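Residue numbers (the numbering used here), protein chains in the order written: chain A, 1 to 417; chain B, 1 to 281. Ideal Cβ positions, reconstructed from N, Cα and C, are used throughout, including at glycine. Predicted model only: the values in this text are computed from it and were never measured.
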Ligand code: HEC
Ligand code: HEC
Ligand code: HEM
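Structural data, given as structure tokens:
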């Protein structure tokens, strides 16, 4: 057993037992971040904080929520919204937070793509991030069911139905997921479990993994420059702070993050008080009614692009059924972003602005995703259906072409050098 | 500067997406409808001058067989369950009719209920509106009854009273413990929804045009045009808001404080950032 001397302060006492000095060094004051970054590098911390907000507001909601088809709607809309002190505030925070977390996830993700932060040693960061996207999607989908409004019910109905298209096991799978032949109480209670226990636990694990995966490769920087972290850290520690290309996580990196976070929180709470309908769909303030199909069924905005890929293929092609092509395309859309590190064949890590072909590819992708998102909400009739069809095709082609585009680019830029 | 440019690009794409999934989508889901018409200009004007005393006599001869007029001392002739069974819906109390309905609408309603309420499409074949039309009366007589209702109308009503008199025979308002006097599912062919959360699910704009003329939004719906005048309808919508969005005042009250605090925090953290980064940059 180690020998313990009498400690002269609480800090020292803790240090003897938990090695806190070392811990703060490793985690904070000597955890090095490149200096050449912009506010986009604050998105990760904003995400961590928003998750914390969701966790805390969710715990408050959980104290009054009742997972039962006969009580859920009123427990949310009457008990929480009207009776419990500031219950409405927690619900608005939770609803707006769930929507904004996706806005920030998408910004975070496209930042990664723009700066090429998914390759050359950063593959695990990228994959763990994609895992978090999947987990947050599951969290949001299961949470959306809980108030048991019209959209809760019908989105659950439509989305669980999708699994019915899987060959051979489809029909059984749908029943297994719902716990019944139709969306019922058993569906609500199991999604409640997922939403408040299993998925949040997995998210916590996912976040820890994501952070850990950052340690060895370090975060990227605005130029994609390869930095000798040891050397630069030594410069910093020797006091040549202005010369060094790195900064410590605490307090320098966090000083900037906290500022960006404060601006974000202002925006967040503005939406919580004045502009929440985009995140809390009015249709969901009608109680679930399995006999009354709403005029328009659509998922939350952050799922629209992949939903549009699913329904973009609206006619049979040869022996292939429209629904099956759609399902295959949907599956493609779900996994394709995870494959970015291998689809991009160029070894260059640089911002898209400095990559002649990839730059074009990037902005086309953004535009297509926005078109898919917008048309994913509009009724799929007439021209809308065709726009959905062609942009789904374009989306798929875009990713199939990425290896070609990037290897060409690699050849061209090599020639120029 | 560069950071502002990045912020500009992100804001631009976010706003385009927002515009597409919110304003654009909603304008397509809910095509534009004309604003509420509180004068009910589609109905012919009943211009005759009425006489209160004559009106009182006509009402007590014709109407109290079905309707109560508590204010004038006429109790309901039947209990709710029996009335519901006989007419499909409990005839509303008429004490406040002169206050809540537009006068010309009321005159037209008495003459021909189905046309005035725009529900004639529900009463074809051998189905007739449960309230007989009085088009056999002269315009003077009709005007007299309207004048009588005006004379007994209360000077002011609470929002809840207006709601109960205008909508309470068909709709529940669970969250304020008001329950419909009738079960109209047989008569109407559809069950009127609970109105507790309508202010959040439909919003003020929709409600204003819908209550004024349900056919505008739900073509062919069974819900009658109720014929409320502007101030009575405002009271109903306010009541829906008081029940369904009861924390609105609290929400809007604390908002400036929270936002002010966050703006202050942003300012302080900006200073802190500047201070810390002056050492490294
Ligand atoms: C045979 C029974 C009967 C008689 C007689 C009758 N009513 Fe009605 N009245 C009803 C019923 C039933 C309703 C409810 C109709 C509905 O909800 O669709 C009604 C509704 C009304 C309404 C509410 C209109 C609205 O816009 O919501 C008014 C006002 C009214 N009656 C006035 C009168 C007057 C005035 C008379 C006498 C001239 C009269 N009623 C005679 C059965 C009757
Ligand atoms: C005679 C019965 C009757 C009366 C009186 C009545 N309603 Fe209705 N209302 C209905 C029925 C039936 C429906 C269902 C319509 C449908 O689904 O087509 C309905 C539907 C509604 C809806 C939902 C519309 C939608 O978009 O789905 C609202 C809101 C509403 N009523 C408000 C009111 C208000 C406010 C009043 C009083 C001013 C009122 N109603 C009076 C029968 C009535
Ligand atoms: C572990 C933390 C969480 C807990 C304990 C929790 C708990 C709850 C509860 C009890 C509800 C039902 C009440 C309501 O509808 O407002 C709910 C709703 C919801 N949750 Fe969570 N939640 C958590 C995290 C999250 C996260 C991370 C997301 C999203 C990414 C999310 C998205 C949603 C959504 C979209 C709703 C529906 C909100 C509405 O319609 O108002 N939740 N949550």
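Which one or two residues does DSSP pair with residue i in a beta bridge?
i, result
"residue 81 of chain A", "DSSP output for residue 81 of chain A lists no bridge partner at all."
"residue 74 of chain B", "B:69"
"residue 34 of chain A", "A:246"
"residue 101 of chain B", "B:228"
"residue 287 of chain A", "A:149"
"residue 178 of chain B", "B:173"
Just to confirm my understanding: we take residue i, look at its own chain, exclude 5 residues before and 5 after, and list those with CB closer than 8 Å. What are they?
i, result
"residue 171 of chain B", "180, 192, 193, 194, 195"
"residue 123 of chain A", "341"
"residue 188 of chain A", "67, 68, 69, 72, 145, 146, 148"
"residue 204 of chain B", "237, 241"
"residue 357 of chain A", "405, 406, 408, 409, 412"
"residue 164 of chain B", "178"
Note the first and the last residue of the continuous alpha helix (DSSP H) segment covering residue i.
i, result
"residue 105 of chain A", "87-114"
"residue 167 of chain B", "159-167"
"residue 248 of chain B", "248-278"
"residue 39 of chain B", "Where residue 39 of chain B is concerned, there is no enclosing alpha helix (DSSP H), given that its DSSP letter is neither H nor E."
"residue 151 of chain B", "139-152"
"residue 176 of chain A", "170-178"
"residue 200 of chain B", "198-201"
"residue 52 of chain A", "43-62"
"residue 205 of chain A", "199-213"
"residue 269 of chain A", "254-274"
"residue 186 of chain B", "185-188"
"residue 10 of chain A", "10-18"
"residue 237 of chain A", "229-237"
"residue 365 of chain A", "356-377"
"residue 122 of chain A", "Counting along the chain, residue 122 of chain A falls outside any alpha helix (DSSP H), and DSSP gives it neither H nor E."
"residue 223 of chain B", "First-last for residue 223 of chain B: undefined, no H or E at that position."
Please work out which residues of its chain come closer than 7 Å, Cβ to Cβ, to residue i, disregarding the five sequence neighbours upstream and downstream, and give them in chain order.
i, result
"residue 353 of chain A", "359"
"residue 198 of chain B", "207, 240, 244"
"residue 90 of chain A", "57, 60, 61"
"residue 241 of chain A", "none"
"residue 135 of chain B", "111, 112"
"residue 15 of chain A", "21"
"residue 78 of chain B", "86"
"residue 380 of chain A", "311, 314, 388"
If you follow the beta strand (DSSP E) that residue i is part of, which residue opens it and which one closes it?
i, result
"residue 317 of chain A", "Note, residue 317 of chain A: premise wrong, no beta strand (DSSP E); not H, not E."
Near residue i, which residues of its chain fall below 6 Å by C-beta distance, leaving aside the five closest residues on each side in sequence?
i, result
"residue 182 of chain B", "84, 89, 90, 169"
"residue 232 of chain B", "100, 162"
"residue 10 of chain A", "none"
"residue 247 of chain A", "33, 35, 253"
"residue 176 of chain B", "243"
"residue 257 of chain A", "42, 45"
"residue 189 of chain B", "222"
"residue 36 of chain B", "208, 209, 212"
Flag this pair as yes or no: are the beta carbons of residue i and residue j separated by less than 8 Å?
i, j, result
"residue 15 of chain B", "residue 104 of chain B", "no"
"residue 279 of chain A", "residue 98 of chain A", "yes"
"residue 123 of chain B", "residue 116 of chain B", "no"
"residue 163 of chain A", "residue 173 of chain A", "yes"
"residue 69 of chain B", "residue 93 of chain B", "yes"
"residue 266 of chain A", "residue 255 of chain B", "no"
"residue 96 of chain A", "residue 276 of chain A", "yes"
"residue 38 of chain A", "residue 6 of chain B", "yes"
"residue 326 of chain A", "residue 343 of chain A", "no"
"residue 104 of chain A", "residue 47 of chain A", "yes"
"residue 20 of chain B", "residue 368 of chain A", "no"
"residue 360 of chain B", "residue 59 of chain B", "The structure shown has nothing for residue 360 of chain B, since chain B only spans 1 to 281."
"residue 247 of chain B", "residue 88 of chain A", "yes"
"residue 203 of chain A", "residue 139 of chain A", "yes"
"residue 165 of chain A", "residue 324 of chain A", "yes"
Would you say residue i faces chain C, with C-beta separation under 8 Å as the test?
i, result
"residue 353 of chain A", "Any reference to chain C falls outside this structure, whose protein chains are A and B."
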